[in-house]
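**Student:** Sharing a structure with you now.
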Amino acid sequence: MSSKNFSNWAAVEGANPLIPHTAELIVGFIAFSLLFLVLRSKVVPMFEKAFTARTEAIQGGMEKAERAQIEAERALAQYTNQLNEARSEAQKIREDARVQGAAIIEDLRSKAAEEAGRITAAATAAIEAERQQAVTSLRNEVGALATELAGKIVGEVLDDQVRQSRIVDRFIADLEKSK
Amino acid sequence: MGVRLASEDGFKPPSTADFELPPVFADNPFTTKPVFLVFFSVILISVFFILASRKAAIVPSKLQFAGESVYGFVRNDLARDVIGHEFMRFVPYLFTLFTFILTNNLFGIIPFLQFPTMSRVSFPYVLAMFTFVIFHYVAIKHKGLIAYLKEIMFMPGVPKPVYILLTPIEVATYFLVRPLTLSLRLFANMFAGHLLLLVFILGGEHLLQGVIGLKLVSPFAFAFGIALTFFEFMVQCLQAYIFTLLTALYIAGALADEH
Chain D
6 MSSKNFSNWA AVEGANPLIP HTAELIVGFI AFSLLFLVLR SKVVPMFEKA FTARTEAIQG
66 GMEKAERAQI EAERALAQYT NQLNEARSEA QKIREDARVQ GAAIIEDLRS KAAEEAGRIT
126 AAATAAIEAE RQQAVTSLRN EVGALATELA GKIVGEVLDD QVRQSRIVDR FIADLEKSK
Chain B
13 MGVRLASEDG FKPPSTADFE LPPVFADNPF TTKPVFLVFF SVILISVFFI LASRKAAIVP
73 SKLQFAGESV YGFVRNDLAR DVIGHEFMRF VPYLFTLFTF ILTNNLFGII PFLQFPTMSR
133 VSFPYVLAMF TFVIFHYVAI KHKGLIAYLK EIMFMPGVPK PVYILLTPIE VATYFLVRPL
193 TLSLRLFANM FAGHLLLLVF ILGGEHLLQG VIGLKLVSPF AFAFGIALTF FEFMVQCLQA
253 YIFTLLTALY IAGALADEH
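Protein chains in written order, with the working numbering: chain D, 6 to 184; chain B, 13 to 271.
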C-alpha cells in the first residue's frame, strides 16, 4: 500500500473502537435491564408453568399406565389362578366320577350276583321240591302199580292200604339198600 | 490485487470509521443506529417471547414450540447442565443474555438492519460487567468474602513457592481476564465479521464500476460476500452461545465448594 493510500486510510479512521461511548453504555445497561425484567416476570414463569404442566401430564400418564399394567397383571394372575382351580376341580370331579362309577358297577355286579344266587337257590329249591313231589307220587304210583302187578301175579289182592304201603316201603328200602 | 488497484482509483477500504455512525437527530448521541437497534431488539424479543409463552399450553402451538425450544436450550443445556441443582435462579439472566446477544448479532445479516450491535464495544462491556458482578456476588454470598478471596489468591493443594507465580495469575484471571475476554471476544468477532462483509460487498460494488476486467471479477467478490454471510450467521450464533456458556461456567465455579 502506498503512503498516499495509507494516509488516506488513516484519515477516515475513526476513534479507537475499544473505547466505549457513554451514551451506548447507558443504553446498553437500560435496554438489557429492561429485557431482563420483562423476560423474568412475563416469559420465564409462563414457560416454567408449561414445563411443569407437561411433566405432570406425562408423569400422570405414566402413572396411569403403570396402574393399568399392575391391574392387568393382577387380573391375569387371578384368571390363571381361577383356571388352575377349575382344572383341579374338574380333575377332582373326574376322579370322583370314576370312583363313583366303579362303586356303582361293583354294586350292580354284587347285586346281580346276589340276584343270580337267589334265582339259582329258588330254582334249586323248586327243583328239589318237584323232585320230592315226583319221588312221593312216583313212590305212590310205583307202589300201586307194583302191588297191582304183584297181586295179579300172586293172585292175592293186596288192597289193605296199610299193608300195601308197608310192603312198598320195605321194597323201596330194600331197593335203596341194594343200590 | 483488485482492491489495491481500485483503491488507487479512489476506493476507500472499510475501516473503523464505518462503525462510528452519526446521530440521526442533531448531535444527540442517543439517536444512533446501534442505540435504535438495541431498543428494537428489546421490543422484538419481548414481543416474541410474550406471545410464545402467553398460553403456556401443554400441547404447544408452533409459536410456543419455537419459543420453548430457545428457552429450553438455555434452561436445560446451558443452565442446568453447567450450574447444577441451583440453576433455576440464574435462568432468567442467562436466557436474557442469550436472546439479547443472539438477536443483536443477527442484526448484522438481517437485510436493511445489517449492523451487528455488538460490534460497538460498549454493549459487550455492559454485558460482561453484569456477568462479572453476578458471579462475584454469587461467590461472595456462597463462600463468604474472606474465604472467596483466599480461594482465589491461595489455591489449596499447591506448594507455597508456587503462589509467587500463581497468585497474580489467579487474581488477574478473576478480576481482569474474565470480563475482558468475555466482552472483547464478542466485540472482536462481530467487528471483524462486519468488516469482512463490508470489504467484499463494497469491494464488489466498486469493482463493478471499474474497467471490464474488474467487472468480471466483481461477481466473485459478491459470491464470497454471500458465503461469508452464512459463515457470519454461524459465528453470530456461536458467540451468543459462548458468552452465555462462559457466564454459566463462572457462576458454576462461584457455587462450587472446591476449586
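Quick reminder that beta carbons are idealized off the backbone N, C-alpha and C, glycines included. Predicted model, so just to flag it, every value in this text is computed and none were measured.
Given a cut-off of 8 Å on the beta-carbon distance, is the pair residue 43 of chain D and residue 50 of chain B in contact?
**Tutor:** Here the question's residue 43 of chain D lines up with position 38 in the first sequence. Here the question's residue 50 of chain B lines up with position 38 in the second sequence. Their beta carbons are not under 8 Å apart, which means residue 43 of chain D does not touch residue 50 of chain B by this criterion.
**Student:** By Cβ distance below 6 Å, which residues in the same chain neighbour residue 158 of chain D in space, the five residues on each side in sequence not counted?
**Tutor:** Your numbering for residue 158 of chain D matches position 153 in the first sequence. Correct list: empty, nothing qualifies.
**Student:** Just tell me which of B:39, B:214, B:188, B:268 has its CA closest to the CA of residue 155 of chain B.
**Tutor:** Here residue 155 of chain B corresponds to residue number 143 of the second sequence, with the count starting at 1. When B:39, B:214, B:188, B:268 are compared, the shortest CA-CA separation from residue 155 of chain B is found for B:268.
**Student:** Chain B beta carbons: is any one of them nearer than 8 Å to that of residue 54 of chain D?
**Tutor:** On the first sequence, residue 54 of chain D is found 49 positions in, with the first residue counted as 1. Residue 54 of chain D counts as touching chain B.
**Student:** Would you mind sorting residue 219 of chain B into buried or exposed? The rule is 16 or more other CB atoms within 10 Å of its CB.
**Tutor:** Here residue 219 of chain B refers to the residue found at position 207 of the second sequence. With 16 or more other Cβ atoms within 10 Å, it is buried.
**Student:** Quick check: what's the CA-CA separation for residue 209 of chain B versus residue 167 of chain B?
**Tutor:** Within the second sequence, numbered from 1, the residue matching residue 209 of chain B stands at position 197. Within the second sequence, numbered from 1, the residue matching residue 167 of chain B stands at position 155. Computed Cα separation, rounded: 45 Å.
**Student:** I think residue 194 of chain B touches residue 143 of chain B, with their Cβ atoms under 8 Å apart; what is that distance to the nearest whole Å?
**Tutor:** Walking along the second sequence from the start, residue 194 of chain B turns up at place 182. Walking along the second sequence from the start, residue 143 of chain B turns up at place 131. 6 Å between Cβ atoms; contact.
**Student:** CB-CB under 8 Å to residue 73 of chain B, same chain, minus the five flanking residues each way: which ones, in chain order?
**Tutor:** Taking the first residue of the second sequence as position 1, residue 73 of chain B is located at position 61. Cβ within range, chain order: 67.
**Student:** Using a Cβ-Cβ cut-off of 8 Å (strictly less than) and excluding sequence neighbours within five positions of residue 257 of chain B, which residues of its own chain qualify?
**Tutor:** Counting from 1 along the second sequence, the entry for residue 257 of chain B is found at position 245. So the list reads 90, 94, once near-sequence residues are dropped.
**Student:** Less than 8 Å separating the beta-carbons of residue 40 of chain D and residue 44 of chain B?
**Tutor:** Here the question's residue 40 of chain D lines up with position 35 in the first sequence. Here the question's residue 44 of chain B lines up with position 32 in the second sequence. Not in contact: residue 40 of chain D and residue 44 of chain B (Cβ atoms no closer than 8 Å).
**Student:** With a threshold of 8 Å between beta-carbons, can residue 80 of chain B be considered close to chain D, or not?
**Tutor:** Position 68 of the second sequence, counted from the start, is the residue given in the question as residue 80 of chain B. Yes - at least one Cβ of chain D is within 8 Å of the one on residue 80 of chain B.
**Student:** Compare the beta carbon distance of residue 205 of chain B and residue 96 of chain B with 8 Å and say whether it is the shorter of the two.
**Tutor:** The residue given as residue 205 of chain B occupies position 193 in the second sequence. The residue given as residue 96 of chain B occupies position 84 in the second sequence. Their beta carbons are not under 8 Å apart, which means residue 205 of chain B does not touch residue 96 of chain B by this criterion.
**Student:** Quick check: is the beta carbon of residue 62 of chain D nearer than 8 Å to any beta carbon in chain B?
**Tutor:** Locating residue 62 of chain D in the first sequence gives position 57, where the first residue counts as 1. It does; some Cβ of chain B falls within 8 Å.
**Student:** Can you tell which of B:130, B:212, B:145, B:187 has the C-alpha that lies nearest to the C-alpha of residue 247 of chain B?
**Tutor:** In the second sequence, residue 247 of chain B corresponds to position 235, counting from 1. For the residues B:130, B:212, B:145, B:187, the minimum Cα distance to residue 247 of chain B belongs to B:130.
**Student:** Do we get a CB-CB distance below 8 Å when we pair residue 134 of chain B with the residues of chain D?
**Tutor:** The residue you call residue 134 of chain B lines up with position 122 of the second sequence. Interface residue, yes.
**Student:** Quick one: does residue 67 of chain D have its CB under 8 Å from some CB of chain B?
**Tutor:** Residue mapping note: residue 67 of chain D aligns to position 62 of the first sequence, counting from 1. Not one chain B Cβ lies under 8 Å of residue 67 of chain D.
**Student:** Which ranges does the beta strand (DSSP E) cover as unbroken runs of at least 3 residues, wholly within the stretch 157-219 of chain B, from first to last along the chain?
**Tutor:** none
**Student:** Closest to residue 265 of chain B by CA distance: which of B:216, B:160, B:201 is it?
**Tutor:** By 1-based counting over the second sequence, the position of residue 265 of chain B is 253. The residue with the shortest Cα to Cα distance from residue 265 of chain B is B:160.
**Student:** Could you tell me how far apart the beta carbons of residue 23 of chain D and residue 138 of chain B are, in whole angstroms, since I believe they sit closer than 8 Å?
**Tutor:** Position 18 of the first sequence, counted from the first residue, corresponds to residue 23 of chain D. Position 126 of the second sequence, counted from the first residue, corresponds to residue 138 of chain B. Between residue 138 of chain B and residue 23 of chain D the Cβ distance is about 14 Å, and since that is not below 8 Å, they are no contact.
**Student:** If you draw a straight line from the C-alpha of residue 40 of chain B to the C-alpha of residue 26 of chain D, how long is it?
**Tutor:** Mapped onto the second sequence, residue 40 of chain B falls at position 28. Mapped onto the first sequence, residue 26 of chain D falls at position 21. So the two alpha carbons sit approximately 13 Å from each other.
**Student:** Assess, as a yes-or-no matter, whether the stretch 171-178 of chain D is touched by the stretch 141-158 of chain D under the definition of 3 or more beta carbon pairs within less than 8 Å.
**Tutor:** yes
**Student:** Roughly how many whole angstroms lie between the Cα atoms of residue 45 of chain D and residue 148 of chain B?
**Tutor:** Within the first sequence, the letter at position 40 stands for residue 45 of chain D. Within the second sequence, the letter at position 136 stands for residue 148 of chain B. The alpha-carbon atoms of residue 45 of chain D and residue 148 of chain B are separated by roughly 21 Å.
**Student:** Quick one: which residues of the stretch 233-248 of chain B get their C-beta closer than 8 Å to a C-beta of chain D? List them in chain order.
**Tutor:** none
**Student:** Let me confirm a value: residue 244 of chain B is counted as buried when at least 16 other C-beta atoms fall within 10 Å, else exposed. Which label applies?
**Tutor:** Here residue 244 of chain B refers to the residue found at position 232 when the second sequence is read from its first residue. Buried, since its Cβ has 16 or more Cβ neighbours within 10 Å.
**Student:** Considering only their Cβ atoms, is the gap separating residue 213 of chain B from residue 237 of chain B smaller than 8 Å?
**Tutor:** Position 225 of the second sequence holds residue 237 of chain B. Position 201 of the second sequence holds residue 213 of chain B. A contact, by the Cβ cut-off of 8 Å.
**Student:** Going along chain A, which residues have a C-beta under 7 Å from residue 45 of chain D?
**Tutor:** Here chain A cannot be found, since the structure's protein chains are D and B.
**Student:** Exposed or buried, residue 84 of chain D, counting other C-beta atoms within 10 Å across all chains shown (16 or more means buried)?
**Tutor:** The residue labelled residue 84 of chain D in the question sits at position 79 within the first sequence. The residue is exposed, with fewer than 16 neighbouring Cβ atoms inside 10 Å.
**Student:** Kindly indicate which three-state DSSP category residue 266 of chain B falls into: helix, strand or coil?
**Tutor:** The residue you call residue 266 of chain B lines up with position 254 of the second sequence. Residue 266 of chain B: helix per DSSP, three-state reduction.
**Student:** Quick one, which residues of the stretch 20-40 of chain D are near chain B if we go by CB-CB under 7 Å, in chain order?
**Tutor:** 20, 22, 23, 25, 26, 28, 29, 30, 32, 33, 34, 36, 37, 39, 40
**Student:** Is the separation between the beta-carbon of residue 106 of chain B and that of residue 239 of chain B shorter than 8 Å?
**Tutor:** Taking the second sequence and counting its residues from 1, one reaches residue 106 of chain B at position 94. Taking the second sequence and counting its residues from 1, one reaches residue 239 of chain B at position 227. Not in contact: residue 106 of chain B and residue 239 of chain B (Cβ atoms no closer than 8 Å).
**Student:** Here's the rule I'm using: 16 or more other beta-carbon atoms within 10 Å means buried, otherwise exposed. How should residue 182 of chain D be labelled?
**Tutor:** Within the first sequence, the letter at position 177 stands for residue 182 of chain D. By the neighbour-count definition (other C-beta atoms within 10 Å, threshold 16), residue 182 of chain D is an exposed residue.
**Student:** Smallest Cα separation from residue 35 of chain B: which of B:47, B:26, B:29, B:24?
**Tutor:** Translated into positions along the second sequence, residue 35 of chain B becomes position 23. For residue 35 of chain B, the nearest C-alpha among the options comes from B:47.
**Student:** Nearest-angstrom Cα distance between residue 70 of chain B and residue 151 of chain B?
**Tutor:** For this step, residue 70 of chain B is matched to residue 58 along the second sequence. For this step, residue 151 of chain B is matched to residue 139 along the second sequence. Rounded to whole angstroms, residue 70 of chain B to residue 151 of chain B spans 37 Å at the Cα level.
**Student:** Can you give the beta carbon distance from residue 113 of chain B to residue 252 of chain B, rounded, assuming they're within the 8 Å contact cut?
**Tutor:** Position 101 of the second sequence, counted from the start, is the residue given in the question as residue 113 of chain B. Position 240 of the second sequence, counted from the start, is the residue given in the question as residue 252 of chain B. Going by Cβ atoms, the distance from residue 113 of chain B to residue 252 of chain B rounds to 4 Å, so yes, they are a contact pair.
**Student:** Whole angstroms is fine: what's the gap from residue 86 of chain D's alpha carbon to residue 80 of chain D's?
**Tutor:** In the first sequence, the residue the question calls residue 86 of chain D occupies position 81. In the first sequence, the residue the question calls residue 80 of chain D occupies position 75. Looking at the two C-alpha atoms, the distance is approximately 10 Å.
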